[in-house]
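Participant:
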Amino acid sequence: MGQSSQPHELGGGLKSRHVTMLSIAGVIGASLFVGSSVAIAEAGPAVLLAYLFAGLLVVMIMRMLAEMAVATPDTGSFSTYADKAIGRWAGYTIGWLYWWFWVLVIPLEANIAAMILHS
């Protein structure tokens with residue numbers, strides 16, 4: 714197997730519309746609908762302000778992540794950015810926390826989807 718001169722070079726295979734659709738699909742999960750109904754029943758119309766605030770917070774965080782991606786194009790995402798900015802321990806910790814997040818979220822989403830289909 715040959716080694717390339719730049720092993721961490723990004724490929725330009727995804728177009729802007731692909732990234733947009735992947736982002737939308739990643740944000741909208743089954744638990745969003747179940748969680749919204751409970752929140753609206755408990756808090757009433759004020760929950761729209763809470764969702765607006767949370768949405769603005771997410772937009773700002775994603776803009777910051779985009780700035781880091783432009784400044785340091787690498788294949789490791791935010792764990793690589795933490796590694797370079799704070800230290801190897803931060804990148805390692807964030808990488809494992811992100812893995813555990815998906816280990817817990819995927820079964821939760823499947824469970825909630827089954828609840829929606831069952832009712």
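Under our numbering, the residue at position 30 of the sequence shown is numbered 743, and the numbers go up by one with no gaps. Even glycine gets a Cβ: it sits at the ideal position worked out from N, Cα and C.
(1) What is the residue span of the alpha helix (DSSP H) that I829 lies within?
(2) Identify, in the order they occur along the chain, each residue of the same chain with its Cβ nearer than 8 Å to the Cβ of A756, setting aside the five sequence neighbours on each side.
(3) By the 10 Å Cβ neighbour count, where 16 or more other Cβ atoms means buried, how is A858 classified, buried or exposed?
(4) Rounded to whole angstroms, how far is the Cβ of L778 from the Cβ of F766, which I believe are closer than 8 Å?
(5) Let me confirm a value: G804 is counted as buried when at least 16 other C-beta atoms fall within 10 Å, else exposed. Which label applies?
(6) If you follow the alpha helix (DSSP H) that I774 is part of, which residue opens it and which one closes it?
(7) So K797 is in the alpha helix (DSSP H); what residue range does that whole segment cover?
(8) Expressed to the nearest angstrom, what Euclidean distance is found between the alpha-carbon atoms of T806 and A798?
Facilitator: Reading off the structure:
(1) Note, I829: alpha helix (DSSP H), 801-831.
(2) Hits under 8 Å: A763.
(3) Only positions 714 to 832 of the chain appear in this structure, which leaves residue 858 out of reach.
(4) With 8 Å as the limit, L778 and F766 do not qualify as a contact, their Cβ atoms being about 19 Å apart.
(5) When all chains shown are included, G804 counts as buried.
(6) 760-784
(7) 790-798
(8) 13 Å
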